[in-house]
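Using my numbering, the letters of the sequence shown map in sequence onto residues 189 to 558. Every residue gets a Cβ at the ideal spot worked out from N, C-alpha and C, and that includes glycine. Okay, so here's the structure we're looking at.
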Amino acid sequence: MNYNGQNETITIKQLLAQTSGIPSDITSEDAVTNKNNRLNDVTRTIMGDELHHKPGEEFEYSNMNYDLLGLIIQNVTKQSYTKYITNSWLKPLHMTHTSFKQTNNKSKNDAIGYELQGSTPVVSKPEFNLWDTPSAYMMTSTEDLEHWIKFQLNPPDKYKSLVQQSHKNLSSTIGEPNANAYASGWFTNNDEHLVFHSGTLDNFSSFILLNPKQNYGIVVLANLNSEYVPKLVEHLNTQIVNHKRYSTVASMLNQYKDQFNIVTVLMTTLILLAFIFSAYRAWQMRHGKIILRKSKLTTFLSWLTLCLCIAIALILYALPYLILGSNNWSFVLTWLPIEIKLTLTTTFIALFSMLITILLVLHTTTIKKP
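Shown next, in the form of structure tokens:
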């Protein structure tokens, strides 16, 4: 590749350190093609292209650096990059649920990715370029990554120097958030003794953070490209560093489980009373003991009661948006404790039952005996 018209040699160390000078946008990841869908094909297409910087002088993150490293692995081992990684690393670490995407088709066990349209997540299945595998498209689980984290924090003796070397700074990363250097595949923060890396696709995101000094790691995987993933990792790390217990909304609500159970009992009692009253009122009407009545006052009070109930229902519907942002009830109900679900359900039914009861009281009257 060239820089200022001169042919330049790029070293493996420069590829690892992201100081090769290869532009971050040298290939269009959005342009999916089957013509050059092999690793050696796409790397051949960039030969002779212009570098942004002279190799070794400046940091610029580019996925192509890892694609080239993957090609080097293929040429040295005489096997595909995915086969080498699987046999040499994944299997020995017992990462049995980790693999690489080989096709744009999804299998039944693959996680479904989502993209936001406004504030609504919708299923997304973007295509991808197979040649980009060394820099992306590994499918894994938190259980498998636990093995990887343990290996990074407490490697076997024969790998200890290799792992420790991979955490050492190779280049400075001025302008990168929370990082002051880049190591071999890791951003580093020397002040807080952290090594970390994020990953993003159109419909997935991930973040791995290690603190070798305090011997812990954090992994967050999401089936949505969300800015909240790094924020969550940051918050979890702060909790751990400050020795604070991390409390979820669900765990905090669980502290009031008894109070919610009391409310559920009260709402259930109201529902039963409303049902008994309504059944009795219906029996009276059938036997001619009461009749319907109409007046401007009862009509006004009925509409007022109806509007009040609708307002309360709208507030209940909007609670997830008011408290948690853009989440809806379908999301909230997946993690709410069962006690809270019962309280919400009985409250809504009790509200509807009381509406029916009030309307029956307003619109019926007892027939006076002559």
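Across the structure, D379 and A410 are spaced so that their CA atoms are roughly 28 Å apart. Assignment of beta-bridge partners to G387 by DSSP yields S394.
Apart from the 5 residues on each side of it in sequence, S212 sits with its Cβ closer than 7 Å to the Cβ of E248, Y249 and S250 in its chain, given in chain order. Listed in chain order, the alpha helix (DSSP H) runs fully inside the segment 292-361 are 330-341 and 345-354, counting runs of at least 4 residues.
Beta-bridge pairing by DSSP links S287 to M327. Annotated three-state conformation of G258 is helix, per DSSP. Cα atoms of L461 and K296: separation of roughly 49 Å, rounded to the nearest angstrom. Under the three-state reduction of DSSP, F488 is assigned to helix. I479 is bridged by DSSP to T553.
I396 is a Cβ neighbour of L333, given a cutoff of 9 Å. Straight-line spacing of the CA atoms in V453 and L480 works out to 33 Å. As a beta-bridge residue in DSSP terms, E238 pairs with N190.
The three-state reading of DSSP puts Y509 in helix, counting H, G and I together.
T388 has its alpha-carbon roughly 51 Å from the corresponding atom of T457.
Assignment of T522 by DSSP, reduced to helix, strand and coil, places it in the coil class. Just measuring C-alpha positions, the residue of L494, W491, L521 and S490 sitting nearest Y505 is L521. Distance check between P343 and each of P243, E303 and N403 places N403 closest, using alpha-carbon atoms only. When beta bridges are read from the DSSP output, L504 appears opposite no residue. Taking the C-beta atoms as reference points, N399 is found nearer than 9 Å to H381. Within the DSSP secondary-structure output, L412 pairs in a beta bridge with Y302. D229 counts as exposed, since fewer than 16 other beta carbons sit within 10 angstroms of its beta carbon.
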